[in-house]
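Residue numbers for the sequence shown follow this note's numbering, so the first one is 1 and each next one is one higher.
All residues carry an ideal CB built from backbone N, CA and C; glycine is no exception.
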Amino acid sequence: MARSLSLAAYMAYARRGGPPLAVPDATRPEGELIWGHAPDAERAAALCQMAERLAQQRPGVRLLLTTPGETPPIEAHSLLLHQPVPPDLIAPVEAFLDHWRPDICLWTGGDLRPALLSTADARSIPLFLLDAEESQFDSPSWRWFPDLPRSLMDMFAHIQVRSEDAARQLRRLGVSDADITRAPPMRPEAVPLPYNEAEREELAVALRGRPLWLAAHLDPLELDTVLEARRSVARLSHRSLLIVVPHRDRDLPVLRERLKEERLPMIDWADGALPEETTQIILGEGRGELGLWYRLAPVSFIGNSLQSGMEGCNPNEPAVHGSAILYGPNVRRYLAEYSRFAEARAARIVRDATTLAAAVQSLIAPDQAAIMAHAAWDVASQGAEATDHILDLVQDTLDVVGVQ
1 MARSLSLAAY
11 MAYARRGGPP
21 LAVPDATRPE
31 GELIWGHAPD
41 AERAAALCQM
51 AERLAQQRPG
61 VRLLLTTPGE
71 TPPIEAHSLL
81 LHQPVPPDLI
91 APVEAFLDHW
101 RPDICLWTGG
111 DLRPALLSTA
121 DARSIPLFLL
131 DAEESQFDSP
141 SWRWFPDLPR
151 SLMDMFAHIQ
161 VRSEDAARQL
171 RRLGVSDADI
181 TRAPPMRPEA
191 VPLPYNEAER
201 EELAVALRGR
211 PLWLAAHLDP
221 LELDTVLEAR
231 RSVARLSHRS
241 LLIVVPHRDR
251 DLPVLRERLK
261 EERLPMIDWA
271 DGALPEETTQ
281 IILGEGRGEL
291 GLWYRLAPVS
301 FIGNSLQSGM
311 EGCNPNEPAV
321 HGSAILYGPN
331 VRRYLAEYSR
341 FAEARAARIV
351 RDATTLAAAV
361 QSLIAPDQAA
371 IMAHAAWDVA
381 SQGAEATDHI
391 LDLVQDTLDV
401 VGVQ
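Here it is in structure tokens:
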């Protein structure tokens with residue numbers, strides 16, 4: 001009784017006036033619509049990736065992503081529709097659900113909104129709570145509704161938690177063990193990039209026995225630092241070879257001209273030539289070839305990270321290809337990811353040419369790079385089993401919804 005009284009009191013509170021819901025730009029698409037809520041870019045990317053996998057089994061499925069902000073936290077995608085989450089007031093909540101009529105809801109992280117979730121539950125929309133943390137089962141704004149967390153947990157068909165502490169908190173709220181799954185933090189899975197195996201084999205023969213390292217996603221502003229580090233590495237490893245790949249395709253001509261100024265033995269991969277014993281630098285064409293270079297280089301410095309104002313690039317990319325990871329201090333877009341890799345000793349931060357050269361020199365030996373690369377692979381592949389479990393639950397739920 002107390003549980004329903006708390007929820008009833010909150011819903012009465014949520015019936016007060018508020019701003020009307022803006023009319024969405026997009027109409028509801030035909031077919032199955034998954035509603036996913038993400039409080040940050042990392043979870044948004046994971047939801048989009050989950051929808052991609054689901055679409056392979058269920059053609060036509062789309063993802064409606066709600067976030068706290070007006071701007072989508074990830075790049076546009078053919079499967080993706082975006083709308084800011086409505087205020088937790090009855091009128092905008094009902095307008096939101098009337099317009100979109102989602103078939104299922106995957107709610108990630110915190111930011112639990114009782115009016116929105118309760119109204120969705122009342123409309124028999126299946127709700128799943130993913131990537132839950134202990135701190136998310138309460139909110140200062142709920143202090144007048146002490147039993148509200150328990151009422152909210154009762155609405156979810158299944159709950160996936162990050163930690164045993166979160167699981168214990170759920171048990172105290174009355175959730176059964178059968179409805180709780182423990183999983184690593186929810187993040188986008190690493191996906192191997194395409195490459196040409198014949199080219200890889202040909203290059204592997206041409207470069208056999210040579211210490212290789214890759215500067216991927218390199219911004220022209222970082223090139224001088226990388227070249228200075230290359231000189232230091234070459235003094236100790238005379239046969240070492242640096243592969244340079246630009247962050248943006250439009251940067252390729254700038255990097256090409258700057259490297260020519262160095263007057264070093266260099267090949268431009270776009271010309272189709274193979275490296276010779278005297279070659280010291282390979283200039284890659286762009287992102288389309290990164291799958292090849294990651295598979296060849298045991299050590300990768302991930303650029304767009306050394307200069308102030310840069311934001312970094314996804315560390316899962318080199319990790320899934322078995323390359324040890326070096327990165328600069330300016331990775332705010334992927335800070336949580338790099339922190340996770342660094343904590344597992346799967347990545348190392350560098351700040352200038354001196355620290356970059358020292359890191360490359362210590363890892364360029366295959367056995368040393370392999371230790372870090374293995375740790376990086378473990379981190380990148382975490383959560384795949386948990387994602388499979390959630391996808392199975394979603395598939396089963398959509399099958400049931402479809403026959404009702």
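Have a look at residue 44 and residue 106 and give me their C-alpha separation to the nearest angstrom.
11 Å
Need the endpoints of the beta strand (DSSP E) that residue 300 sits in, please.
Residue range 299–302 is occupied by the beta strand (DSSP E) that includes residue 300.
What is the rounded straight-line gap between the Cα of residue 218 and the Cα of residue 316?
Answer to the nearest angstrom: the Cα atoms are 17 Å apart.
Residue 380 to residue 370, Cα distance in whole Å?
15 Å
Anticipated Cβ contact below 8 Å, residue 353 with residue 228, distance rounded:
4 Å
Is DSSP giving residue 351 helix, strand or coil here?
For residue 351, the three-state secondary structure derived from DSSP is coil.
Within a Cβ cutoff of 6 Å, which residues of the same chain sit near residue 390, ignoring the five residues on either side of it in sequence?
none
Just to confirm, are residue 245 and residue 199 a CB contact at a threshold of 8 Å?
no
Is residue 71 buried or exposed, if buried means 16 or more other CB atoms sit within 10 Å of its CB?
Classification of residue 71: exposed, given that the 10 Å Cβ count is below 16.
Indicate the three-state DSSP secondary structure (helix, strand or coil) for residue 48 in the structure shown.
If DSSP states are grouped into helix, strand and coil, residue 48 belongs with the helices.
Can you tell me which of the three DSSP states residue 190 falls into?
coil
Residue burial classification, residue 62 (beta-carbon count within 10 angstroms, cutoff 16)
buried
My parser needs the alpha helix (DSSP H) runs of 4 or more residues fully inside the segment 177–254; what are they?
Taking only runs of at least 4 residues, the alpha helix (DSSP H) segments lying wholly in the segment 177–254 are 197–206, 223–236.
Tell me which same chain residues have a C-beta within less than 7 Å of the C-beta of residue 292, skipping the five on either side of it?
195, 196, 199, 200
For residue 264 versus residue 281, is the C-beta spacing smaller than 8 Å?
yes
Terminal residues of the beta strand (DSSP E) in which residue 66 lies
62–67
How is residue 391 classed by DSSP in three states: helix, strand or coil?
helix
Grab the span of the alpha helix (DSSP H) containing residue 367 for me, first residue to last.
366–381
With residue 32 and residue 121 assumed to form a contact (beta carbons below 8 Å), what rounded beta-carbon distance in angstroms separates them?
The Cβ separation is near 19 Å, so there is no contact.
Beta carbon of residue 356 nearer than 8 Å to that of residue 297:
no
What separation, rounded to the nearest whole angstrom, lies between the Cα atoms of residue 134 and residue 172?
For residue 134 and residue 172, the distance between alpha carbons rounds to 11 Å.
Which word fits residue 124, buried or exposed, when buried means at least 16 other C-beta atoms lie within 10 angstroms of its C-beta?
exposed
Residue 300 and residue 190 - do their beta-carbons sit closer together than 8 Å?
no
Residue 7 and residue 151: beta carbons closer than 8 Å?
Result yes, Cβ atoms of residue 7 and residue 151 sit closer than 8 Å.
Output the distance between the C-alpha atoms of residue 207 and residue 341, rounded to the nearest integer angstrom.
29 Å
For residue 341, the three-state DSSP class (helix, strand or coil):
helix
Limits of the beta strand (DSSP E) - the one that residue 90 falls within
First-last for residue 90: 90–100, but that is the alpha helix (DSSP H), not the beta strand (DSSP E).
If distances are taken between C-alpha atoms only, which option among 66, 34, 67 comes closest to residue 52?
34
Output the distance between the C-alpha atoms of residue 268 and residue 283, rounded to the nearest integer angstrom.
5 Å
Do residue 65 and residue 38 count as a contact pair if the criterion is CB distance below 8 Å?
yes
I'd like the span of the alpha helix (DSSP H) that includes residue 149, first residue to last.
148–155
Closest Cα partner of residue 242 within the set 364, 165, 253, 166:
364
Spatial neighbours of residue 131 within its chain, please: CB distance less than 7 Å, with the 5 preceding and 5 following residues excluded, ordered by chain position.
43, 108, 109, 160, 162, 185, 186
Take the Cβ of residue 328 as the centre, count every other Cβ of all protein chains shown within 10 Å, and call the residue buried at 16 or more, exposed below.
The residue is buried, with at least 16 neighbouring Cβ atoms inside 10 Å.
Closest by C-alpha distance to residue 258, when choosing among 28, 220, 94, 307:
220
For residue 394 and residue 80, believed in contact at Cβ under 8 Å, the rounded distance
Not quite, the Cβ-Cβ distance comes to about 17 Å (not below 8 Å), so this is no contact.
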